[in-house]
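Numbering (this note's numbering), first residue to last: 88 to 386. Note that CB positions come from ideal geometry on N, CA and C, so glycine has one too.
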Amino acid sequence: NFVTDQFFYVLKVNKPVLASIIFLVLIAAVFSNFSEVFQNCQISQTAFFLVYLSVITVGIRNFQAAAVEVQHGLENLILFMRVLCPVYFVCMAVAVGSISAIAFYNLALFLIFLVELVILKWIVPLIQIALLMEILNNLTEEEFLSKAAELLRLVIGWSLKSLLALVTGIGFIERIISPAADQVKRSVWTKGVGMIPGIGDVVSGTSEVVLGSAVLLKNGVGIAGALLVTGVVMIPVINMGILTLLYKGTAALIQPVSDKRIVEAISFTGEGYHMLLKTVLATAVLFLVTLAVAASAAS
């Protein structure tokens, strides 16, 4: 029951909401067609505004709740990385060397700072603003905020891609430079110990066994961390994916009978959930790429 509630809670909550939206849209379509019989078109416009305001009120309320859920999911992911990083990079310091461990630990801290600053405080609010702009744009038949909403979507997409490129680039540069410096230090230490008469060979062989075991431990912690990162973001990803399909499907269902502006508002609400989904996925990929590049430093 717990697993079902976690993964299908949004489906249970939003099914009656979307059924109510479909019912309102059908009623509005009936009254709109009925009012066309009369010369006065104010009846049709009044019915449209009443239905539109009802639909967007429900849509915005549910979207804000979903945005809060995404923020909580990202905060849990950040909290988990703050706990994982000290453990993982201590293992890395033993297995690979202190230079690589310090470099990748600084990269992880920098990534956590970027996620808090850019994604939580910048991108998620921008998604909500873009949704509000698109909804206000559909209040009238003439578009007056569509380009602003399009600009915000462009900024959000470029920001996520830039973050991924920045973190990946820094990680690969550190992957090339830091392990080489650690390898030089290790070679000097191993050869120096091996030159000690009598015990040099024993100590050198024992050191190799210890370092090999440390590498296995580091890789095990890295794999466990990657799996747990995936588990932390799985619920928000599934929920945002379900909501995207529900709202996009509702827009496709009501398009033949409903006003174009109502269809666009519901469709863009689904697009808002899709942007939240991409934000969560991009954040998870940032942390997974950092762990993967750090794990490959011992190879």
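- The criterion of a C-beta distance shorter than 7 Å is not satisfied by M362 and I143.
- In the DSSP annotation of this structure, the continuous segment of the alpha helix (DSSP H) that includes I216 starts and ends at 211-224.
- Boundaries of the alpha helix (DSSP H) harbouring L363: 347-382, taken from the DSSP string.
- Around the beta carbon of T317, fewer than 16 other beta carbons lie within 10 angstroms, which makes this residue exposed.
- Rounded to whole angstroms, the separation of the alpha carbons of N225 and M168 is 41 Å.
- For T227, the secondary structure class from DSSP, reduced to helix, strand or coil, is coil.
- Contact holds between the segment 317-332 and the segment 355-371, because three or more Cβ pairs, one in each stretch, are under 8 Å apart.
- Taking C-beta atoms as the reference points, I206 and I165 fail to come closer than 7 Å.
- By the beta-carbon neighbour count (other beta carbons within 10 angstroms, threshold 16), I216 is exposed.
- Between V324 and V254, the gap from beta carbon to beta carbon reaches 7 Å or more.
- The Cβ atoms of V211 and A154 sit closer than 7 Å to each other.
- Apart from the 5 residues on each side of it in sequence, E230 sits with its Cβ closer than 7 Å to the Cβ of N224 in its chain, given in chain order.
- With distances taken between CA atoms, V319 lies nearest to L375 out of I349, V308, L375, F355.
- When secondary structure is reduced to three states using DSSP, Q158 falls in the helix class.
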